[in-house]
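Protein chains in written order, with this note's numbering: chain A, 25 to 371; chain B, 25 to 371.
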């Protein structure tokens with residue numbers, strides 16, 4: 025093996041789904057967000073495992089991802105597409121029975137003209153100004169839109185990772201007001217929203233990052249493990265440097281292991297100076313710049329040369345290395361590269 | 025179309041190869057580095073286009089990439105693997121006739137035992153302390169290694185992007201010394217090394233990033249263009265915010281276009297506050313945080329609503345947005361995600 029190996033624990037993923045499902049009461053259906061290749065871990069294995077566990081409703085960003093879910097999870101699940109009905113998507117939406125979450129009057133017209141009678145949902149903007157109809161736009165078409173029997177009305181919280189943020193109750197109140205009296209399933213909460221409390225759960229929740237072991241679901245079971253194979257080791261004398269640009273200099277004789285992974289595998293270059301890999305429980309700091317396919321690691325203090333070192337696992341979560349790279353766990357997950365071997369446990 | 029679209033200009037790529045080939049004289053063979061999925065743009069289309077243009081020697085990071093090149097470029101090209109002969113790679117190296125660049129005495133023993141008589145190259149470390157045999161290790165095995173008829177001896181420059189760095193002549197001198205009198209092809213220069221001058225070219229050069237239009241090859245023709253489709257637009261009143269965490273607030277009425285791409289497509293979250301997309305030649309600044317699948321863009325000043333906006337192209341190179349994300353063009357290229365549609369022009 026000369027590439028990094030990503031191990032995805034599908035049992036842990038299903039267990040995270042069950043925990044987030046248990047957070048809301050039985051009147052609320054718990055879906056699953058599997059967009060962005062299931063947050064980088066593999067859309068088809070994830071959709072298969074969740075379907076086996078009984079998940080009936082999936083959310084993706086674009087129609088192409090919906091096609092992958094349809095193939096993996098079968099004909100009987102509901103697949104909702106956040107980008108709605110985009111130009112050029114009609115055939116896929118129709119043939120694969122995808123449900124576009126309509127974002128604008130333009131999209132609604134396109135949908136009704138192209139696929140009359142085909143299911144659709146509605147997305148309302150309640151403050152993020154990102155996706156969905158604006159309140160005034162919605163109020164103008166609300167009656168005629170409802171006459172067309174949408175399957176779901178949803179909005180998205182902009183600050184759910186910050187429980188005390190005043191934006192949360194503001195968006196909840198506005199969404200309740202915009203949907204007052206409708207007889208259609210309603211959804212507002214992703215992982216963060218689920219953790220905000222029952223008033224946010226409504227009819228359908230849409231956990232995403234929490235399924236994959238990321239914050240804000242602090243009690244999540246880790247889902248991914250990333251092991252990097254050691255190519256060779258060397259003793260670097262004091263005064264010599266390691267890696268591009270000579271940015272790290274050994275102050276004493278140092279044993280450096282070169283591992284076969286780098287920023288082309290989604291290990292952000294920026295995390296280098298603050299990040300360790302692990303030999304079991306022992307942290308081994310990165311030395312020198314992360315390069316495209318290679319990373320230098322200090323293993324001077326180890327008793328024996330390891331065959332591989334661990335970047336992600338029980339020792340260190342996606343959120344820890346995300347902080348080191350000045351970003352969020354979500355981006356660490358979705359950056360996981362196509363070159364690494366993927367193994368799936370359980371499911 | 026609801027995903028981002030990456031257009032790769034294979035004619036530009038071949039033209040960059042020809043320019044870098046022309047920088048050295050006829051005694052020097054110019055290879056091509058196509059590791060990391062050809063720097064993110066697509067290893068098989070790139071290898072096919074370069075093979076058609078006459079390139080005979082390819083460099084990859086790991087054996088799995090060598091398999092992709094063998095399939096695309098056919099049986100008659102030479103494929104060199106930087107990670108050398110790793111545990112578990114023997115079958116691939118043997119069956120696909122890959123040439124491992126041996127990095128250590130351990131690897132040399134493994135290779136000779138597992139595949140006696142099979143071609144191999146040698147990698148020497150001249151100061152990066154990353155890959156290759158150390159000078160003392162090399163001098164100890166030099167005679168017996170040369171008896172086995174290696175096809176290539178190479179090293180890699182750590183500071184070639186900085187022409188004035190004293191590390192460059194230091195590495196050149198050390199490499200010349202370590203290989204004095206050998207009758208084997210020698211290689212030291214990647215893109216940066218080619219630009220340092222003829223004494224760095226030796227027998228084989230290995231251009232990588234310059235082929236793909238990135239620095240330090242300032243005269244490169246741009247190879248990639250990245251267009252992001254607009255999902256919808258909205259008017260945001262003064263005082264409202266856009267995106268997660270309410271980080272950007274409109275100071276006047278603003279038209280925001282939401283485009284269907286985000287950090288899951290490799291558009292680093294960190295570049296947001298400093299980056300514009302383009303409508304033709306008109307820059308349109310990103311507003312609010314880049315999210316996983318969506319970006320808000322200010323199009324208030326445009327005369328009409330565009331169907332898409334351009335992130336990479338003649339208006340803005342990979343190195344510009346890399347600077348905005350506090351990294352280098354190489355990482356921007358290799359981050360380009362698997363979800364986007366790829367189109368190849370020419371080749």
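Just so it is clear, CB atoms sit at the ideal spot from N, CA and C, and this is done for glycine as well.
In the three-state reduction of the DSSP assignment, residue 303 of chain B falls in the strand class, which pools E and B. Spanning the alpha carbons of residue 289 of chain A and residue 183 of chain A requires a straight line of approximately 30 Å. CA-CA distance, residue 56 of chain B to residue 43 of chain A, rounds to 50 Å.
In this structure, the CA atom of residue 352 of chain A is about 11 Å from the CA atom of residue 315 of chain B.
In this structure, the beta-carbon distance from residue 127 of chain A to residue 255 of chain B falls below 8 Å.
With 16 or more neighbouring CB atoms inside 10 Å of its own CB, residue 280 of chain B falls in the buried class. Neighbours of residue 351 of chain A in chain B, taken as residues whose beta carbon is under 9 Å from its own, are 287, 292, 293, 294 in chain order. Across the stretch 185 to 202 of chain B, CB contacts with chain A closer than 9 Å involve 185, 186, 189, 191, in sequence order along the chain.
Secondary structure at residue 130 of chain A: helix, using DSSP grouped into helix, strand and coil.
Residue 332 of chain B has B:253 as its beta-bridge partners, per DSSP. As far as DSSP is concerned, residue 173 of chain B takes part in no beta bridge. Per DSSP, residue 212 of chain B lies in no beta strand (DSSP E) and is assigned neither H nor E. Among the CB atoms of chain A, one or more fall inside 8 Å of the CB of residue 260 of chain B. At a cut-off of 8 Å between C-beta atoms, residue 230 of chain B does not count as an interface residue with respect to chain A.
Residues of chain A whose Cβ lies closer than 7 Å to the Cβ of residue 40 of chain B do not exist; the shortest such Cβ separation is about 18 Å. Excluding five sequence positions before and after residue 244 of chain B, the CB atoms of its chain that fall closer than 6 Å to its own CB belong to 40, 234, 237, given in chain order.
Under the DSSP assignment, residue 195 of chain B falls outside any beta strand (DSSP E), being part of the alpha helix (DSSP H) whose first and last residues are 191 to 202. Between residue 226 of chain B and residue 337 of chain A, the alpha-carbon positions lie close to 44 Å from each other. Uninterrupted beta strand (DSSP E) stretches at least 3 residues long and entirely within the stretch 55 to 142 of chain A occur at 81 to 84, 102 to 105, 123 to 126, given in chain order. With contacts defined by Cβ atoms closer than 8 Å, residue 241 of chain A and residue 219 of chain A form a contacting pair.
In this structure, residue 368 of chain A places its C-beta atom within 8 Å of the C-beta atom of residue 32 of chain A. Any Cβ of chain A closer than 8 Å to the Cβ of residue 88 of chain B would place that residue at the interface, and such an atom is present. For the 8 Å CB-CB criterion, residue 260 of chain B and residue 192 of chain A do not form a contact.
At a beta-carbon threshold of 9 Å, the residues of chain A lying near residue 354 of chain B are 287, 288, 293, 315, 316, ordered along the chain. The criterion of a C-beta distance shorter than 8 Å is not satisfied by residue 83 of chain A and residue 155 of chain A. Remark: C-beta atoms of residue 49 of chain A and residue 87 of chain A do not approach each other more closely than 8 Å.
Think of a sphere of 7 Å around the beta carbon of residue 128 of chain A: the chain B residues whose beta carbon falls inside it are 256, in chain order. Listed in chain order, the non-local C-beta contacts of residue 132 of chain B below 6 Å within the same chain comprise 126, local neighbours out to five positions each way being set aside. According to the DSSP assignment, residue 42 of chain B belongs to the alpha helix (DSSP H) that extends over 34 to 46. In the displayed model, residue 235 of chain B falls within a helix according to three-state DSSP. Beyond the five residues adjoining it in sequence on each side, residue 108 of chain A comes within less than 6 Å, by CB distance, of 124, 125, 126, 127, 131 in the same chain, given in chain order.
Membership of residue 281 of chain B in the beta strand (DSSP E) is indicated by the continuous run 278 to 283. In the structure shown, residue 218 of chain B adopts helical secondary structure according to DSSP, grouped into three states.
Neighbours of residue 155 of chain B in chain A, taken as residues at a C-beta separation under 9 Å, are given in chain order as 255, 256, 282, 318.
Within 8 Å of the CB of residue 80 of chain A, no CB atom of chain B is found; the nearest one sits about 22 Å away. In the DSSP assignment, the residues bridged to residue 321 of chain A are A:281, A:310.
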